[in-house]
Structure formats: C-alpha cells, structure tokens
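Participant:
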Amino acid sequence: MAAQAVLAYISLNTYPDSESISASSLASTDLQSLLDTLRAEQETTRTEIRSLSKSTAGDIDEWITQAKTLQADILRSRETARQIVADAEVGNALQSNVEEQGRKVGLLEEELQFNETLTGTLEHIQYANGLIDRTQEDAARADIPGALQGLEDAEASILGLQALAEGPQSSRALELLNQRMDELRHSLIETTTEFWNAFVSVNEEERSMLVSGRGYKAPGENIAVSELNLDHILVAARGLGLLPSLVQKLAKDIEQSTLKQRLVVDEDELVATITISKHTMSANGKNGDITVSSLFDDLNDILDFLATHLPDAVTVPLSDFLVPAMTKLLEDEWLDAAIPLNMAEIAQFTSIVEDTEELAERIEGYGWNGAGTLRQWVENAPRTWLTKRREAVLGHARNLVFAGLSERTAVERVETRVLSRDDPALQGPGDATGSEDAWDEAWDDSEDKAGPADNSPRIQKDVQLGGIPDDDDDTSAWDVEEDADEKSEDPDANGDEEDAWGAWDDEDATSKPASPVVARKEPASTRTNGTQAAAPPAEQEMTLRETFTVSAIPDGILQLLQQIISEAETLAGPDYSTSPLAVASQALYTLPTLALAIYRATAPTAYAKVDVGNMLIYNDSLRLAELLRVWQDSRPQGVGRLRLDNDTVALETFAKRAYSSEMESQRTIFRDILDGAQGFGNCTVPPFKQECESAIDGAVARLRDVHKMWKPILSQGALLQSLGSLLSTITTKIISEIEDLGDISEADSHQLHALCTRVTSITDVFTQSGGEGEQDMTFVYCATWLKFQYLAEVLESSLADIKWMWREGELSLEFDADEVVELVEALFAESELRRQAVREIRAGGR
C-alpha cells in the first residue's frame, strides 16, 4: 500500500484518500520493497515509450521534410526582400534629385518675378518723380489748378507705390519721394500763406485790418495767369486744405484787434473808435460814447466792411467763428447788463432788443451763420428780463428779512363791530341767560385735552377771540369804545369778545380759544315822571384796539410787492403794448408768491438771532398777512391777476407754527424745571424739601422772565394769554403729580399747600385795573387756575370742609368725584368718617 501511495504521488501528484494509509508508519524494512516497486514501474514505462516511438516514426520523417522545405522558402523570401530594399534606395535618390531640380526652378521663377516687380517699381518711381517735377513746373508758372492736380496725382502715385515697395532700395526711393513731396507741399503752403497775408492782413499792434484790392503779378516765365488775385489764393488754399486754418486765424485776429476792443469797456469807461477807409478797418482810437446805439452802429460797419471786401468763400466759414465770438461778447458785456430793473429803462431796453434783431437779420442777409444765438436772445428777452427781475425781487426780500429786524415799531389794530342789544357782550353777568353753566364751553387747552372740563362760573365767555394758536386769548387789553350817544356808565358790565389780530391764523386750529372782554352795559330802563324811558338802541358799535410790536419787514415787503404789481399793470397798459416785454407782465403776478416764500424760508434763520424771534415772526407774519389782505381787498375787482389768498393763509400758518414752536419750547423748559421736584414725594424731608421749593421758585422766576421778555413784543391780550397757557402748564403738572401721591401725611399736606401758595405769587402779572380797582384775572387766562386753588384748599381742609365744598361750594365744578375720593384717601387715614365722606362724594356734588 505504501508503494502504491508513493507512486501515485510521483506520477499523479496526489495524496492517499484513506486516512489509514496516511497515518500508517513506514519502517526502514519497507524501503527495499518500495524501491523494487518503483523500478518495476520505471521499466514498464520505458517499454511503453519504445513501443510508441516505433509506431510513429513515419510521421516524424514527414515533419522533418516539411521543415526543410519551409527553411528554403524563407531563404528565398529574404533574398527577394534584399532586392526590394535595393530598388527602393535607388528611387529615393531619384526623388531627391527631382526635388532639388524643383527648388532650382522655383528660385528662377522668384528671381524672374522680382525682376519684373523691380522693373515696375522703378517705372512707378520714375512716374511719381515726373509728376512732382511737373507739379513744380506748374507752380512756377502760377498754374494753380495744374499744380493742385499734379500734387494730388503725385500723392496718389506715392500711396500706390507704398503698397508695392519692397526691399531697402525701394524704401529708400520711397523716402526720397516723400521728402520731395513734403518739400513741395510745404513750399506751396508757404507761397499761398504769403499771398494770403498780402491780400488779407491784421495788425494786432495797430489794431487794424487791411484787405488789398489789387492783384499781384506772378513771377517767372510762361506763366499761366498774368495777375494773381484773392480768388486764385482761395483756390490754392482750399486745394491745400489750408483755408479753414487761415479763416480761423483771421477770425481770432479780428476778435482780438477789433471786436474785443469795441465791445469791452476799459477801466476809464472808454471804448475803441472804429474807423473804416477804402480797404482798411482800424480800432486804435478811444472815445467815451458807450451807448448801445453807437455800439450797434459800429458792429454794423464792421460786418459791412467784411462782407464788402471779402468773398463769400471767406466770410461764410469766417462767420462760423466770428459771429459766435461777437455774440458772446455782446451778451456778456452789453445785452445782459442792459436788462432793466425799473420801468424807466424799459423803452431803452425795447430799442436794444430791436437793434439786436436787426443785427441778426443783417447777418442772415449776408448768408452767414451764427445769427441763431442772437435771435434766441431776442425771443428769450422777456423770459430773461423776468428772470433778472425775479432774482432782484428775491434778493431784495432776503435783504429785507435780515436788515429789517433792526427797526421795530408799535402798531395798533382797530376793529369795530356792530352788536345787537341781545348780544352777551352788551349784557351784565346777571343778564346773560345760562352763562353760569356754560361760560367755558369755548375754552380750548391743548395740553389738558384728557383732563376734566372746567365749569367754573366765574366769568362769561360767549364770543371767541382767536389770536394765539391752541391757547387762550384775552381782550382785556383792548380799549373798548362806543359811539358817543350809546355809551354806558356801568363799569361792571361784562363785554363781548372780538377776534384779535392774531386770529388771522386759524387754518390748523381745531377750535378758537375764548377769553372775556370788558364791555359797558346799557343802563336799565327807568321811568321819569311816571313815563316809560326810551328803549335802548337795538344795535351798538364796539371798537377794539390793540397795540403790538413788529419789525420793518412787513411794511418793506408790502412796498416791494406793490411795486411789482404796479410794474405788471404798467407793462400791460397801452404805453407798452408794442414792447417785447409786455408778454411778461402776467408773469410778474407770480413774483409776490415767490417773495413771500423767500420770507418764510429765511425768517427762521434771520429771527433766530433775536431772543424773541419766534414771537416776532408771529407778529410780523400776521401783520403782513393783514396788510396783504387789506391791500387785495382795496384793489378794484377784476383788475389784474393778483391772488394772495393762499399766501396770506400760508403766512398765518407760518405764524402759528412759530408761536406753537416757541410755546412748546417754553412748556418743555417748565416741565424740566418742575421735574426737579421729583413728583413732590417726601417734600418735608431734606434734601427733597429744598428741591421741591427750588423747582417751584424756579418755575415762577422763569415765568416772570418770560413775561419780561415778551412784554415789549406781544399785545397785552396775547401776552396774558400766552403766560396763562404757560402757567396752566405749571399748575397742571403740579396737580397731576399731587394727585398721583398715594399717601399724604399732615406735614406733607402743609408743605404742599405752602408750595402752592408760592405759585400764587405770580398773580400780580395778571392783575388789571378796572372800574372797581385792581382785579386778579389769573383765572381768566389760566384754564386750571381755579382747580389749582381748590387743590390747595383741599390740602389743608378737614373732611367736613371738603364735603361742604363738594356739596355747597364749587369743588365739584373743578374736580370729578374720583379725583376728590383719591385726594381724601391720600389725606385721611381709613376710618368710618372717611368711608362716609367717600360715599357722600360719590353720591354727587352740587
């Protein structure tokens, strides 16, 4: 088994499949048998090989024979390949020879072509050179057309030669031809320029121009023309492209030597004298005639001289440069300066416009260019005049605003109204039915809109007097007059209210403030000797007077506007019906609006330099609005197009805005001062006590300073109303902050009352003299004054006093129940008495 396993491994490279064979042991005694087995197998294999060789011997011999045949074929093929290679090498040599011969043929062809090109180039050079020679000959014979044509042909020939030229020799020849060409052209240009200067010359030093009228004989023999004139030179200059530069230089020389000397006035107010002879024009003299008429005469002479002595071929292109330069100098130095600012110069300006139009017609008549600018100036003359007039008006208005503040004056407004006998203004307090409950219905306090209504029956206010926007006004400063046969001697009668001069600005006001006016009451009817006395008249006249301060600006602006409208009406009249400015008359009616707009635009800046600038703006604007309204109403109906309604409204709005701005600024100051009290809490504890006292004293002092500052400016009624509004700001803030205190001790109550008493020291500002002596009118101008007074009383009153004031007094007219309850709860400790008082207060007051 072992021998078979080894043999299988050697011959088949396989291992035994049986595990018993693989695991069996191989002893040394088994090797001999193993070798014997292997030798026997080897011998068997050899025998099989010999037997197989003998059976296949014939096939092997056949294979050997075929191999030898194949080897012979390979040798023959190799020889054939060597022969092919040899033949190919011979063909390559022949191809190289053919290519070499082809290159030689190409070189011969290129040489032949070069020779032909060279021959053509030399012939072309000879031709161009001949053209240059003939051109020189034509120029020498004064054959200008022939010389120009020859020059053109020579240039064309040289340009064609440049496209054909090759090689350094040709380039050199071309360079020589160009050099000859440039020399020829330069010579022709110099000759033409010399002849041009001989015919047309300008001497800037002598300020003269000469146009020769004779011809010049051409030098040389066999000349084409016997005499050269300006026309021949123009032909040469045009052909050489020289004419534009010559004409441009001529225009500049004429401008410098003649036009500028005549159109510009020197420091000595002198101008050049234009002198024209047969062929000469000069401007070397001086004269003092600087009138516009003499200027146009000289300009016409200058243009006539040029048109007469120069051909159209010169003057037409000359006008392209000369006319615009002349027009610019004419406008800058004369026409724009001649635009008048007053009616006395309109006739002269009309003549200037006509002369300008004639000058434009003269230029166009010559067939020249550039007259369009002059015609445009003539067409725009009304607009130009209007623009200058507008600038002057606006400048004058602006100067008035800045210069007019230095002058101030007091003005008085007087207004008379016819009132019926039943008008509350003519009745006493007892005669006005229902006035006790509704006296303050017209009261408008802009800063207390959310507060309770003020129903105090202290005074009757049935007719509004609007003068201060969003604030209260007063007519107590008005001087009330009546007709002599209708006067009353009753000093206690309450009067009617009349619109103050400040009421002109109510465009933005939601309601006009009202304030009282003292009026005289007709005495009650009496019986004399048992007879009924005569009934009082059904109507009465009431005259109201008010004095306030304005600057010189309103009157100055009114005079300016009146002058403008006067000019517009004059221009529209028959005396100026043919004037070119007549069409601008209607546009003058727009200038007042622009002047007033300039006033409104510059006033804030100009008035800012004055401490009372806003109040002065207020007075000036309303004064100007009233002046404009009176002026417009005084004009005949249907005359002109003056419409100032919108402008007066704009002025009134502007006045109100200035006043409102000033009032709001002052209110802010007062609120800031009172903020130092920190809500009046701990008003008895240092240092809060001192801060509260300082805040109150500061507010009172500030109000007195404002009174001192505004008193010279505002009318008495407007002054008191404005101060009353500021005082209302103070009292409203104090009331609000005291009401916000949740707990007020007895000491705090006394201290708060003392602080309120300090505020009442300002009442002397509102004290007025009347028939019964001095009267405190603070409650009239300060909407919250009575409420403030009642608050001070409540702070030191007992519960019984407070209930009495609520039921029997007028506390319920100033406070609502919730406010009084909050004060009671803050002032008094919780108790049955306090609860009873609260119930009674909530049950209703007087």
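For the sequence shown, position 431 (counting from the first letter as 1) is numbered 430 according to numbering that gives the first Met the number 0, and the numbering increases by one without interruption. All C-beta atoms in this analysis are idealised placements derived from N, C-alpha and C, irrespective of residue type, glycine included.
(1) Please report the Cβ distance between F814 and Y789, rounded to the nearest whole angstrom; I am assuming they are in contact, meaning their Cβ atoms lie under 8 Å.
(2) Helix, strand or coil for N91? Go by DSSP, reduced to three states.
(3) Is it a yes or a no for the stretch 277 to 294 touching the stretch 242 to 250, going by three-plus beta-carbon pairs under 8 Å?
(4) Of the choices L329, M280, G284, whose alpha-carbon is the least far from that of L305?
(5) Between the C-alpha atoms of F401 and I712, what's the straight-line distance to the nearest angstrom?
(6) Using the Cβ count rule (16 or more neighbours within 10 Å means buried), how would you classify E818?
(7) Put K285 into one of helix, strand or coil per three-state DSSP.
(8) Would DSSP call D436 helix, strand or coil?
(9) Does the distance from the C-beta atom of L725 to that of A825 stay below 8 Å?
(10) How long is the line joining the alpha carbons of L543 and V413, rounded to whole angstroms?
(11) Figure out for me which residue from T372, I351, L722, M804 has the closest Cα to the Cα of H706.
(12) If you follow the alpha helix (DSSP H) that D800 is in, where does it begin and where does it stop?
(13) Does the beta-carbon distance from A316 to L229 come in below 8 Å?
(14) Assign F669 to one of three DSSP states: helix, strand, or coil.
(15) Once the 5 residues before and after N286 are set aside, which same chain residues still bring their CB inside 6 Å of it?
(16) Are the CB atoms of A863 and T756 nearer to each other than 8 Å?
(17) Helix, strand or coil for S768? Go by DSSP, reduced to three states.
(18) Would you please state the rounded distance, in angstroms, between the beta carbons of L794 and L751? I believe it to be under 8 Å.
(19) Measure the C-alpha to C-alpha separation of T546 and W709 and round it to an integer number of angstroms.
(20) Only counting runs of 4 or more residues, tell me where the alpha helix (DSSP H) segments fall wholly within the stretch 809 to 844, in order along the chain.
(21) Do R179 and I131 have their C-beta atoms closer together than 8 Å?
(22) Out of F787, R171, L399, state which residue places its alpha-carbon closest to the alpha-carbon of A600.
(23) Closest to L175 by CA distance: which of T190, I157, H185 is it?
(24) Please report the distance separating the alpha-carbon of Y598 from that of L393.
(25) By Cβ distance, which residues of its chain are closer than 6 Å to L374, with the 5 residues on each side in sequence left out?
(26) Please report the residue range of the alpha helix (DSSP H) in which I48 lies.
(27) Output the residue ranges of the alpha helix (DSSP H) runs that lie fully inside the stretch 743 to 790 and measure 4 residues or longer, sorted by chain position.
(28) Have a look at H308, A324, Y575, R45 and flag the residue whose alpha-carbon is nearest the alpha-carbon of L258.
(29) Could I get the ranges of all uninterrupted alpha helix (DSSP H) runs contained in the stretch 263 to 322, with 4 residues as the minimum, in chain order?
(30) Can you grab the Cα-Cα spacing for the pair Q677 / T731, in whole Å?
(31) Please name the residue or residues paired with R412 in a DSSP beta bridge.
(32) According to DSSP, which residues form a beta bridge with R407?
(33) If the criterion is Cβ atoms closer than 8 Å, does the pair A602 and I616 meet it?
(34) Taking the alpha carbon of L673 as the reference point, which residue from V264, N681, E736 has its own alpha carbon closest?
(35) Specify whether the stretch 661 to 673 and the stretch 691 to 700 touch according to this definition: at least 3 beta carbon pairs, one from each stretch, less than 8 Å apart.
(36) Assign I83 to buried or exposed, taking buried as 16 or more other Cβ atoms, counted over all protein chains shown, within 10 Å of its Cβ.
Facilitator: Judging by the given coordinates:
(1) 7 Å
(2) N91 falls in the helix class under three-state DSSP.
(3) no
(4) M280
(5) 18 Å
(6) buried
(7) strand
(8) Note on D436: pLDDT 35, under 50, position unreliable in the model; no value is reported.
(9) no
(10) 6 Å
(11) L722
(12) 798 to 806
(13) The question names Ala, yet the displayed sequence has Pro at residue 316. Cβ distance not < 8 Å, so P316 and L229 don't count as in contact.
(14) helix
(15) T272
(16) Outside the modelled stretch of the chain, which goes from 0 to 845, sits residue 863, for which no answer is possible.
(17) strand
(18) 5 Å
(19) 13 Å
(20) 810 to 813, 816 to 826, 831 to 842
(21) yes
(22) L399
(23) I157
(24) 9 Å
(25) The residue asked about is misnamed: residue 374 is Arg in this sequence, not Leu. Closer than 6 Å at Cβ, skipping near neighbours: A359.
(26) Segment 30 to 54, the alpha helix (DSSP H) holding I48.
(27) 745 to 758, 777 to 780
(28) A324
(29) 291 to 308
(30) One C-alpha to the other measures close to 15 Å.
(31) DSSP lists E545 as partners of R412.
(32) S550
(33) yes
(34) E736
(35) yes
(36) Classification for I83: exposed.
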